[in-house]
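See structure below.
There are 2 protein chains.
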Amino acid sequence: MATRLSDVAARAGVSVKTVSNVINDYPHITARTRAKVEAAIAALNYIPNVSARSLRKGRSDFIALAIPEMGSPYFAELGAEISRAAKRRGITVLIDQTEGEAAAEQFVLDGMRGQLIDGIIFSPLATAPAKLTSADTGKPLVLLGERPAGGQFDRIAVDSVQASYDATTHLVSLGRRRIAAIGVGGTGTGAVRRKGYRKALKAAGMPHEPALELAAAGYHRLDGATSMRELLALPEPPDAVFCFNDLLALGALRTLADAGLRVPEDVAVVGFDDIEDGRYHSPTLTTISPDKEWLADNAVTLLLDRIAGRAGSTHRDLSVPYRLEIRESTGG
Amino acid sequence: MATRLSDVAARAGVSVKTVSNVINDYPHITARTRAKVEAAIAALNYIPNVSARSLRKGRSDFIALAIPEMGSPYFAELGAEISRAAKRRGITVLIDQTEGEAAAEQFVLDGMRGQLIDGIIFSPLATAPAKLTSADTGKPLVLLGERPAGGQFDRIAVDSVQASYDATTHLVSLGRRRIAAIGVGGTGTGAVRRKGYRKALKAAGMPHEPALELAAAGYHRLDGATSMRELLALPEPPDAVFCFNDLLALGALRTLADAGLRVPEDVAVVGFDDIEDGRYHSPTLTTISPDKEWLADNAVTLLLDRIAGRAGSTHRDLSVPYRLEIRESTGG
DNA sequence: AGGACGGTTTACAACGTTTAACGTGGATGT
DNA sequence: ACATCCACGTTAAACGTTGTAAACCGTCCT
Numbered sequence: 126m127a128t129r130l131s132d133v134a135a136r137a138g139v140s141v142k143t144v145s146n147v148i149n150d151y152p153h154i155t156a157r158t159r160a161k162v163e164a165a166i167a168a169l170n171y172i173p174n175v176s177a178r179s180l181r182k183g184r185s186d187f188i189a190l191a192i193p194e195m196g197s198p199y200f201a202e203l204g205a206e207i208s209r210a211a212k213r214r215g216i217t218v219l220i221d222q223t224e225g226e227a228a229a230e231q232f233v234l235d236g237m238r239g240q241l242i243d244g245i246i247f248s249p250l251a252t253a254p255a256k257l258t259s260a261d262t263g264k265p266l267v268l269l270g271e272r273p274a275g276g277q278f279d280r281i282a283v284d285s286v287q288a289s290y291d292a293t294t295h296l297v298s299l300g301r302r303r304i305a306a307i308g309v310g311g312t313g314t315g316a317v318r319r320k321g322y323r324k325a326l327k328a329a330g331m332p333h334e335p336a337l338e339l340a341a342a343g344y345h346r347l348d349g350a351t352s353m354r355e356l357l358a359l360p361e362p363p364d365a366v367f368c369f370n371d372l373l374a375l376g377a378l379r380t381l382a383d384a385g386l387r388v389p390e391d392v393a394v395v396g397f398d399d400i401e402d403g404r405y406h407s408p409t410l411t412t413i414s415p416d417k418e419w420l421a422d423n424a425v426t427l428l429l430d431r432i433a434g435r436a437g438s439t440h441r442d443l444s445v446p447y448r449l450e451i452r453e454s455t456g457g
Numbered sequence: 126m127a128t129r130l131s132d133v134a135a136r137a138g139v140s141v142k143t144v145s146n147v148i149n150d151y152p153h154i155t156a157r158t159r160a161k162v163e164a165a166i167a168a169l170n171y172i173p174n175v176s177a178r179s180l181r182k183g184r185s186d187f188i189a190l191a192i193p194e195m196g197s198p199y200f201a202e203l204g205a206e207i208s209r210a211a212k213r214r215g216i217t218v219l220i221d222q223t224e225g226e227a228a229a230e231q232f233v234l235d236g237m238r239g240q241l242i243d244g245i246i247f248s249p250l251a252t253a254p255a256k257l258t259s260a261d262t263g264k265p266l267v268l269l270g271e272r273p274a275g276g277q278f279d280r281i282a283v284d285s286v287q288a289s290y291d292a293t294t295h296l297v298s299l300g301r302r303r304i305a306a307i308g309v310g311g312t313g314t315g316a317v318r319r320k321g322y323r324k325a326l327k328a329a330g331m332p333h334e335p336a337l338e339l340a341a342a343g344y345h346r347l348d349g350a351t352s353m354r355e356l357l358a359l360p361e362p363p364d365a366v367f368c369f370n371d372l373l374a375l376g377a378l379r380t381l382a383d384a385g386l387r388v389p390e391d392v393a394v395v396g397f398d399d400i401e402d403g404r405y406h407s408p409t410l411t412t413i414s415p416d417k418e419w420l421a422d423n424a425v426t427l428l429l430d431r432i433a434g435r436a437g438s439t440h441r442d443l444s445v446p447y448r449l450e451i452r453e454s455t456g457g
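If you read the protein sequences in the order shown, they are chains A and B. Under the numbering used here, read the first sequence as residues 126 to 457, first letter to last. Under the numbering used here, read the second sequence as residues 126 to 457, first letter to last.
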C-alpha cells in the first residue's frame, strides 16, 4: 500500500541508496539524478517511514512538551508557540498533559515514549527538578518555570522575583496601602512570586500581613474567585490584589463584580502571564507579559542544541524578557 | 544504553519471543514464566521501543488531532479532552496546528506523519470534506464540525442548525426585535448557524436584515469586537446579538463595555461553545454548551473502532448533546 | 511402550530505513 | 598513461519488534 524507498528507486531507475542520499542531502549528487529522483518521489507521493527511520537512526525529530494542562490558556498559548517554533525547524511536538500529577510526570520522563522522543521540554508541577537525575531520562531535557534546575539541566523562565516586585511596586505607586497576594505557596511559583511581592512591600516601608497572603488550591479562575471572597470578608479588605497568574486574577475580578465593587477605584488588580482573555475582559487586566514567542523559540533552540550535541557541558539558565502591561484593572 | 527485549530475555533466561509474548498478553504462558519475565522487566526498567514495534506491526497506537489552533480556548479544551479520552485507552494523541491553512491541512492528511499515525481526528477549516478522498490518507479519519462528510467518513458535530435556532429563539423570547448575527459565512459553520438563526427569525415572524448579518474574518475576540463596532454604527443598532462562537461574543462584549452600553439591558448577547472564559466574564455569557467530554470520547471511540476494523462499511454521523446555558448576558 | 495430543516455548524471517565498506566506470588534470 | 576525484552502485548488516511455523515436553490414550 504505502510506497517505499525501493518503489521510488525503481521508478527513477536508480538504486535505493541513491534515493536515500537525495533525501538526506548527501552532497555528491548530480543535478540530473536529483531531479529524476525528486520527480519519482513527487509522482509516487512518497513519504519516508518515520518508524523505520527512527529505528535505524536513533533520531525521530520528535520532541515532547510536558505541561500540566493544555486547557489552561497560558499553557495552550505556550504550546501553540512551541509547536510553531518546532515546525519551523522541521520538528514535531508531542504534547503530554500531566494534570500536575507526579505519577504522570514521572511516566513521561521515564518512558520518553519508548525512545521515540529525542528530548523533552518539561514544565514540572509536582516533581521537584532537584529530584530529577539525567539518568531518569537519558535524553536531553529543558526545564520551564520557577523551580531551580540545580545546575543539571537547561532552564528557561521569567525572573519571577523581579517581575513580582515590579507588579507590586506598580500597585504601591498607585497609592494602594493594603495590597493582597493570591496564589502564595511554599514551593515553586507560589514561593518565588511571594518573594518579589514581599520585597516590594518592604522597599515601600509596608509590612506584609499574613491575612493578605492567600494560598490557592490551583491556579484557576475558581481559586481566584474563592480567595477574593475570603479577602472581602476581612475586617479590613485590601485595596489592591496581586494575583500570581491571570486566571486567578480573572476569578478575582468576577468576585469583585459580583460584590458590586469597582475596579480599579475600589480594588486594583494585577495578574501574571498576559493571556488573551485578560486583554478583552472588562476591565482589561494589568499583567506581567512574558514574551512567549521568545520563550518558545529559545526553549526549542536550547533543546535542539543539546540533542545535536552542540551545547557544552555547562547548563544554561535563560531569563525571558517581560513587560508590565498596564491596563484598566489598575487604571491604565 | 536503552534496554532491549533481548536484555530482558537474557536476564529472565527465556527467549526474546517469550518476553514479547508476555508483553502482548499471549494466552499460553505459564504463571512461572510470566513471573520471571515480569520480574526481569521491572528490574531492568524495560520499555518497548515504539519505532520498532510500529515498524513491525504497522500500528503505533498514535492518533493525530488536527485543529486550526490550540491557542483558541475551544480547541484547547477539546484537545485536552481528546487527549484524556485517548490516554484512557492507551492511545497517544499528536496534535497538529493547521492554522486554518489549506496547505497545512493537506500536509497533515497526506503525510499522516509517515505512517506513524493510525488515524486522525480532523477539524477542517480550509479543506472541504467533500474534496477529501479516503485515498488521500489510506487511514481512518473522523471529521469534526459542521461541514458534511459526504458519506465518506465518520463525523461528529453539534446540530448547529437546531442549536442556533434555540439560541436565537431565546433572544426572541426575551422580547428582542433587532437580533444581529456575527460570524456569518457562506460555508461551514458560518452558513449552518446562519440557517438556524434565520429559521428562528422566520418562526417568530421577523425578517432577516442583511445589515444585521455580519461576517467575521476569523472567529476571534478581535473580529467580534470589530463587528460589534460596525453594528453600533448602524442607524438602528441591534438590541441583541447572536455570536457564532464565544470568542466573537467576548469581543463583542468588550466593544459594548467600551461604548458604555449595558448588557443585557441595552443589548443581549449569546455565544456558542461554552468556553471557560465565558463563565467568568462580566457579565457571564449565555451560550450553547456542547458536551465536550462526550464529543471527545465518541470521537476517539469512533476512530479506534475504524482502526480496529470493528466499524461497518456505513459511516456514522453523531450529534453532540448540548444545552443552552442562560447566564447574565441575556439576563439569566 | 509407542503414538497422538495440547499446551508452551523457540528459531527465523520480516517490517523499511540507514550506514558501512567496497567497487566501478567515467571525467579531469598532468 | 596514470593517478585522482566524482557519482554513483552493490551488498550486508544493522535498528528492536512481532508473526509464522516448527520444536519441545509432559500427559493421556490405546
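Quick reminder that beta carbons are idealized off the backbone N, C-alpha and C, glycines included.
Give a yes or no on whether the minimum CB-CB distance between residue i and chain A is below 7 Å.
i	result
residue 432 of chain B	no
residue 328 of chain B	no
residue 370 of chain B	no
residue 231 of chain B	no
residue 422 of chain B	no
residue 240 of chain B	yes
residue 202 of chain B	yes
residue 375 of chain B	yes
residue 129 of chain B	no
With distances taken from CA atoms, which of the options is nearest residue i?
i	options	result
residue 323 of chain B	B:313, B:353, B:292	B:292
residue 447 of chain B	B:417, B:441, B:391, B:339	B:417
residue 163 of chain B	B:134, B:406, B:294, B:290	B:134
residue 413 of chain B	B:434, B:284, B:421	B:284
residue 439 of chain A	A:427, A:445, A:450, A:357	A:427
residue 242 of chain B	B:191, B:204, B:286, B:195	B:191
residue 331 of chain A	A:195, A:435, A:303	A:303
residue 186 of chain B	B:144, B:196, B:193, B:174	B:174
residue 310 of chain B	B:369, B:225, B:132	B:369
residue 271 of chain B	B:264, B:287, B:244, B:263	B:287
residue 420 of chain A	A:457, A:130, A:202, A:146	A:202
residue 265 of chain A	A:276, A:246, A:151, A:143	A:246
residue 253 of chain A	A:240, A:228, A:445	A:228
residue 382 of chain B	B:399, B:342, B:180, B:407	B:407
In the DSSP assignment, find the beta strand (DSSP E) that holds residue i and state where it starts and stops.
i	result
residue 415 of chain A	411-415
residue 268 of chain B	266-269
residue 245 of chain A	244-247
If we define contact as Cβ-Cβ less than 7 Å, is residue i a contact residue for chain B?
i	result
residue 353 of chain A	no
residue 407 of chain A	yes
residue 331 of chain A	no
residue 307 of chain A	no
residue 220 of chain A	yes
residue 379 of chain A	yes
residue 402 of chain A	yes
residue 182 of chain A	no
residue 205 of chain A	yes
residue 260 of chain A	Note on residue 260 of chain A: pLDDT 49, under 50, position unreliable in the model; no value is reported.
residue 251 of chain A	no
Hey, could you find the ends of the alpha helix (DSSP H) residue i is sitting in?
i	result
residue 287 of chain A	285-298
residue 355 of chain A	346-357
residue 403 of chain A	401-405
Sort out for me which residues DSSP pairs residue i with in a bridge.
i	result
residue 442 of chain A	A:280
residue 230 of chain A	DSSP lists no partner for residue 230 of chain A.
residue 447 of chain B	B:415
residue 339 of chain B	B:307
residue 395 of chain B	B:367, B:411
Mind checking whether the beta-carbon of residue i lies closer than 6 Å to any heavy atom of the ligand MN?
i	result
residue 387 of chain A	For the structure depicted, the ligand MN is absent and the ligand set is empty, with no information on it obtainable.
Complete runs of the alpha helix (DSSP H) confined to the stretch 294-332 of chain A [at least 4 residues]: If one requires a minimum length of 4 residues, the alpha helix (DSSP H) runs lying completely within the stretch 294-332 of chain A are 313-328, in chain order.
Completely contained alpha helix (DSSP H) runs for the stretch 178-226 of chain B, where each covers 4 or more residues: If we require 4 residues or more, the alpha helix (DSSP H) runs fully inside the stretch 178-226 of chain B come out as 198-213.
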